[in-house]
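Shown next, in structure tokens, is the structure this report addresses.
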Amino acid sequence: MFKLNSKETRLVVLQIIELINSTIKRVRKLFGRYIFSNIVSRFFLNKIDIGKSYYNNMNSEYRTLEKYIDPQHKNLLSIGGGLGGLELIINEKFDVKSFNFIERNYVSKKVKYGWDNKNNEAYNDLILQKNFLIKNGMQPSKFNIFDYDHDQLPNAKFDIVISLFSLDYHYDFSIYLEYLKKTTDHNSIIIFDTIRPEYFKNIFKSVNLIDIRNQTVHKSTRVACSRFLF
Ligand SMILES: C[S@@+](CC[C@H](N)C(=O)[O-])C[C@H]1O[C@@H](n2cnc3c(N)ncnc32)[C@H](O)[C@@H]1O
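In terms of the working numbering, the sequence shown opens at residue 69 and continues consecutively.
Here you go:
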């Protein structure tokens, strides 16, 4: 299980609604998301239970993509990784040397889940993310967190890029297109959840469909892509 404090518990539940059970989902419906997240959730969420279900959830996500991770992958980029539970699991199993997280440092007032044309939605707190990663075993020297809205994004070559339920699930891939062309090469692999897998056959030479979800906020397909076509 992951160790979570109360603030991290409330945050991770915003990032992954599947972590709460159906009774709590009903309470959330009753109060509305904003009041629930800021007030009511303090009394309803159990950090031990959420710590367990967050670990289990990330572990099953990990299993969908583990065979695409190569022991040679040393430099990983995570886009919209939330608190970073998946990356903690990858860190346990592989010898990745550097984890680079691009995330955002605010929680939208009216958290709504779905496609976000303007990419205004965010649910993270970068101090909480940093503390969470360290507390759960990632060495501080192994990772960097970049604020999408305020920092210069890392200028490196990434062997593997992972973005679950974020890039092309909530907002358009084009936001990162030029950046990813610059920071990956022919051997890099980019894994993300998209609502339009076919479209990526015009963007990448190789597009593998690795998992299909019908139960999430909207239907999505997890793809592992490599080699930009142009
Ligand atoms: C639904 S959560 C997914 C979290 C995590 N990947 C998971 O599967 O548990 C989407 C995340 O994308 C982040 N996000 C939104 N816009 C972003 C952007 N332009 N760049 C990086 N992250 C972004 C949000 O802050 C949020 O943490």
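Beta carbons are placed, not taken as given, at the ideal position from N, Cα and C, and that holds for glycine.
Checklist entry - Can you tell me where the beta strand (DSSP E) with Glu76 in it begins and where it stops? => result The count along the sequence shown starts at 1 and reaches residue 76 at position 8. DSSP places Glu76 in no beta strand (DSSP E) but in the uninterrupted alpha helix (DSSP H) bounded by Ser74 to Gln83.
Item to check | Spatially closest choice to Ser90 from Arg131, Phe112 and Ile107, by CA coordinates | outcome: Numbered from 1 along the sequence shown, position 22 holds the residue referred to as residue 90. Nearest option by C-alpha distance: Phe112.
Checklist entry - Taking 8 Å as the line, does the beta carbon of Ser166 fall inside it for any heavy atom of ligand 1? => result To locate residue 166, count along the sequence shown from 1; it is residue 98. With a cutoff of 8 Å, Ser166 does not count as near ligand 1, since its C-beta is closer than that to no heavy atom of the ligand.
Checklist entry - What distance in whole Å lies between the Cβ atoms of Leu196 and Phe211, which are believed to be in contact at a cut-off of 8 Å? => result Sequence index remark: in the sequence shown, residue 211 carries index 143 (1-based). Sequence index remark: in the sequence shown, residue 196 carries index 128 (1-based). Not confirmed; about 14 Å, so no contact.
Checklist entry - According to DSSP, what are the bridge partners of Val275? => result Translated into positions along the sequence shown, residue 275 becomes position 207. Looking at the DSSP assignment, Val275 forms a beta bridge with Cys293.
Checklist entry - For Tyr174, which residues of its own chain have a beta-carbon under 7 Å away from its beta-carbon, when the five flanking residues on both sides are left out? => result If you number the sequence shown from 1, residue 174 lands on position 106. Contacts found: Ala190.
Checklist entry - Helix, strand or coil: how does DSSP classify Asn204 here? => result Position 136 of the sequence shown, counting from 1, holds the residue named residue 204. DSSP, read as helix, strand or coil, puts Asn204 in coil.
Checklist entry - Where does Leu145 fall in DSSP's three states? => result For the purposes of this step, residue 145 is taken as residue 77 along the sequence shown, with counting starting at 1. The answer is strand: DSSP assigns Leu145 an E or B state.
Item to check | Sequence-distant residues of the same chain with beta carbon closer than 6 Å to Gly150, five excluded per side | outcome: As a first step, residue 150 must be located in the sequence shown, where it is residue number 82. Only Gln83 meet the Cβ criterion.
Checklist entry - Leaving out five residues before and five after Asp279 in sequence, what residues of the same chain have Cβ atoms less than 6 Å from its Cβ? => result Counting from 1 along the sequence shown, the entry for residue 279 is found at position 211. Answer for Asp279: Thr132 and Arg290, listed in chain order.
Checklist entry - Per DSSP, what kind of secondary structure is Ser234 in: helix, strand or coil? => result Locating residue 234 in the sequence shown gives position 166, where the first residue counts as 1. DSSP places Ser234 in coil when its eight states are reduced to three.
Checklist entry - Looking only at its own chain, which residues have a Cβ that is under 7 Å from the Cβ of Leu248, when we skip the five neighbours before and after it? => result Translated into the one-based positions of the sequence shown, residue 248 becomes position 180. Listed in chain order, the non-local C-beta contacts of Leu248 below 7 Å within the same chain comprise Val229 and Ile258, local neighbours out to five positions each way being set aside.
Checklist entry - Helix, strand or coil for Thr252 per DSSP? => result For the purposes of this step, residue 252 is taken as the residue at position 184 of the sequence shown. Here DSSP, grouped into helix, strand and coil, assigns Thr252 to coil.
Item to check | Cβ-Cβ distance between Phe70 and Asn199 below 9 Å | outcome: Here residue 70 refers to the residue found at position 2 of the sequence shown. Here residue 199 refers to the residue found at position 131 of the sequence shown. No, the Cβ-Cβ distance between Phe70 and Asn199 is not below 9 Å.
Checklist entry - So is Gly152 buried or exposed if we call it buried at 16+ other beta carbons inside 10 Å? => result By one-based count along the sequence shown, residue 152 stands at place 84. Of the other Cβ atoms in all chains shown, 16 or more fall within 10 Å of the Cβ of Gly152; this residue is therefore buried.
Item to check | Nearest residue (CA-CA) to Ala292, options Asn168, Thr251 and Phe272 | outcome: The sequence position of residue 292 within the sequence shown is 224, counting from 1. Measuring from the Cα of Ala292, the nearest candidate turns out to be Phe272.
Checklist entry - Got a sec: does ligand 1 put a non-hydrogen atom nearer than 8 Å to the Cβ of Ser288? => result Within the sequence shown, numbered from 1, the residue matching residue 288 stands at position 220. Outside the cutoff, so no.
Next on the checklist: Below 8 Å, is the gap between the Cβ of Gly149 and the nearest heavy atom of ligand 1?
Outcome noted: Here residue 149 refers to the residue found at position 81 when the sequence shown is read from its first residue. Within the cutoff, so yes.
Item to check | Under the three-state DSSP convention, the category Asp117 falls into | outcome: By 1-based counting over the sequence shown, the position of residue 117 is 49. DSSP places Asp117 within a helical segment (H, G or I) once states are collapsed to three.
Checklist entry - Got a sec: does ligand 3 put a non-hydrogen atom nearer than 8 Å to the Cβ of Gly182? => result Among the ligands present in this structure, namely ligand 1, ligand 3 is not found.
Checklist entry - Once you ignore the five residues that flank Asn168 on each side, which residues in its own chain have a CB closer than 6 Å to its CB? => result Along the sequence shown, one-based indexing puts residue 168 at 100. Spatial neighbours of Asn168 in its own chain (CB-CB distance under 6 Å, excluding positions within 5 residues in sequence) are listed in chain order as Leu145, Asn212 and Pro222.
Next on the checklist: Just to confirm my understanding: we take Leu87, look at its own chain, exclude 5 residues before and 5 after, and list those with CB closer than 8 Å. What are they?
Outcome noted: Indexing the sequence shown from 1 puts residue 87 at position 19. Cβ neighbours of Leu87 beyond the five flanking positions: Val80, Val81, Ile118, Ser121, Tyr122 and Asn125.
Item to check | Residues near Asn127 in its chain [Cβ-Cβ closer than 8 Å; skip 5 each side] | outcome: Position 59 of the sequence shown, counting from 1, holds the residue named residue 127. Apart from sequence neighbours up to five positions away, the residues of its chain that approach Asn127 with a beta-carbon distance below 8 Å are Ile157, ordered along the chain.
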